[in-house]
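To convert, take the position in the sequence shown, counting from 1, and add 2; that gives our numbering.
Please read the structure below before turning to the comments.
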Amino acid sequence: MTNRRNIVVLTGAGISAESGLATFRGPDGLWEGHRVEDVCTPEALARDPVLVHRFYDARRAALAHVTPNPAHAALARLDAAWPGGLLIVTQNVDDLHERAGARRMLHMHGELLSALCTACGRRRRWDGPMGGQPPCPACDTAALRPDIVFFGEMPYGMARIEQALATADLFVSIGTSGAVYPAAGFVRTARMHGAATLEINLEPSQGSALFDETRVGPAGVLVPKWVE
Ligand code: BV8
């Protein structure tokens, strides 16, 4: 463990892989033959809402059958014990960080278990399907969409993330391919502000050259070792 005061941790699909949730760009990275870029856009939702809702309904339903793995548990222990600043920024839309006990965290790409009403703008916890166009409990219109940041949409929490990166002494990236922006650019911002940078990933990522150190292996093994 390090004596650095302020830590920012970025996580991606790889931290949930050992819990049984598929990643996006690995060998199993296609869903029903679709790339995530094809089903995760406002245009796709407008063009083929049945397909997009099927994609998210299936992933929302899968959450009931998976549990946090040792990597999620280790980050929750860090969160509970770390006296300095900590922000866990996840690109993931599953709830495994929360279920492991993490508190100082945010979902920059939204959450499967949240519904956004495009008519009244309200968000609410939603753990069932949306494919049948259920009415919004607030405004009774059939205008619910997954509360997910699609490609071309502004990620959540960017001001909070940028503030955390500006004061970070250590930036740790876990289980992400570095394929999607702005998340893939966070390591550059952290370095610019003088943070040390560490990558933990099953294989070198697109951004590995930007990290002071890359540890290659499964998050479930390497993250508990790093936290202890
Ligand atoms: C925006 C939704 C602007 C939820 C997602 C050209 C160049 C550069 C950028 C762009 C460009 N064209 C367009 C852009 C911008 C675009 C983008 O980056 N596109 C990419 C494809 C080039 N970005 C956007 O559109 C973003 N918005 O820019 O807005 C804006 C500005 C002002 C006003 C309005 C708008 C929005 C991006 C968010 C899109 N939503 N998902 C969902 O469905 O899940 S992105 C999607 O990819 C997921 O969220 C996922 O989290 C994310 C990143 O993927 P990873 O998490 O890294 O997963 P991946 O499978 O890729 O990698 C897993 C890694 O884990 C691998 O490296 C693997 O080796 C490793 N691994 C596997 N097992 C393990 C492991 N590691 C450890 N242990 C293991 N066991």
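The beta-carbon is built from N, C-alpha and C at its ideal position, and this holds for glycine as well.
- By the 16-neighbour rule on beta-carbons within 10 angstroms, His195 is exposed.
- In the three-state scheme derived from DSSP, where H, G and I count as helix and E and B as strand, Ser21 is classed as coil.
- One alpha carbon belongs to Leu98, the other to Gly177, and they sit about 14 Å apart.
- Placement of the Cβ of Leu204 at a distance of less than 7 Å from at least one heavy atom of ligand 1 is found.
- Burial is judged here by how many other beta carbons sit within 10 angstroms of a residue's own beta carbon; Arg62 has at least 16 and is buried.
- Counting only the Cα atoms, Leu146 lies some 32 Å from Ala166.
- DSSP places Ser116 in the strand class (E or B) of the three-state scheme.
- Leaving aside the five residues that flank Val223 on each side, the residues in its chain whose CB is nearer than 8 Å to its CB run, in chain order, Pro72.
- DSSP, read as helix, strand or coil, puts Ser179 in coil.
- Here Met110 is buried, its C-beta having at least 16 other C-beta atoms within 10 Å.
- By the criterion of a C-beta distance shorter than 7 Å, Asp59 is surrounded in its chain by Pro131, Met132 and Gly133, once the five residues flanking it on both sides are discounted.
- In this structure, Ser210 lies away from Ser179, with their beta-carbon atoms at least 8 Å apart.
- The alpha-carbon of Pro226 is positioned some 45 Å away from that of Cys141.
- For Asn94, the shortest separation between its Cβ and any heavy atom of ligand 1 lies below 7 Å.
- Contact check between the region 103-119 and the region 75-95: three or more CB pairs, one atom from each, fall below 8 Å, which counts as touching.
- Residues of the same chain with a CB within less than 8 Å of the CB of Thr191, apart from the 5 flanking positions on each side, are Glu164, Leu167 and Ala168 in chain order.
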